[in-house]
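Chemist:
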Amino acid sequence: FTLQPLVYIYGEVQRPGPMRLERELTLMQALATGGGLTQRGTDKGIRVHRKGADGVVQVIEAKMDDRLREGDVVFVRESLF
Numbered sequence: 005f006t007l008q009p010l011v012y013i014y015g016e017v018q019r020p021g022p023m024r025l026e027r028e029l030t031l032m033q034a035l036a037t038g039g040g041l042t043q044r045g046t047d048k049g050i051r052v053h054r055k056g057a058d059g060v061v062q063v064i065e066a067k068m069d070d071r072l073r074e075g076d077v078v079f080v081r082e083s084l085f
């Protein structure tokens with residue numbers, strides 16, 4: 005029994021929380037699987053927190069077609085308008 009690789013989505017999404025990382029999963033697909041953005045969510049400035057091989061977490065301003073990696077944490081910001 006092996007653990008499924010996961011990504012985590014939080015912030016202004018309909019269903020925040022852990023999600024199984026399917027092969028070649030893009031940011032857009034992950035957001036869709038999470039039910040999409042809430043009414044207050046914005047797709048501007050979505051951040052992906054990614055741990056590098058050295059253990060240091062980098063914050064990436066992701067594009068919708070970027071592929072996610074195991075352990076990524078996606079944060080959807082609230083729109084200011």
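Residues in the sequence shown are numbered from 5 upward in steps of one, following the numbering used here.
Using N, Cα and C, we set each Cβ at its ideal position, and we do this for glycine too.
None of these values were measured; they are calculated from a predicted model.
1) Contact defined as beta carbons within less than 8 Å: I believe T30 pairs with M68. What is the distance between those atoms, to the nearest angstrom?
2) Please return the same chain residues whose Cβ sits closer than 8 Å to the Cβ of A34, not counting the five positions on each side in sequence.
3) In the DSSP assignment, the beta strand (DSSP E) including Q33 goes from what residue to what residue?
4) Quick one: what's got a C-beta closer than 6 Å to D76's C-beta in the same chain, skipping five residues either side?
5) When the distance is taken between beta carbons, is G59 closer than 7 Å to R81?
Modeler: This is what the structure gives:
1) Contact flag correct, Cβ pair sits at about 7 Å.
2) Within its own chain, the residues whose Cβ lies closer than 8 Å to the Cβ of A34, once the five positions on either side in sequence are excluded, are V11, I13, M23, L72 and V78, listed in chain order.
3) Counted as a single uninterrupted DSSP element, the stretch harbouring Q33 is not any beta strand (DSSP E) but the alpha helix (DSSP H) occupying residues L31 to T37.
4) Spatial neighbours of D76 in its own chain (CB-CB distance under 6 Å, excluding positions within 5 residues in sequence) are listed in chain order as V11, V52 and R54.
5) Going by C-beta atoms, R81 is not nearer than 7 Å to G59.
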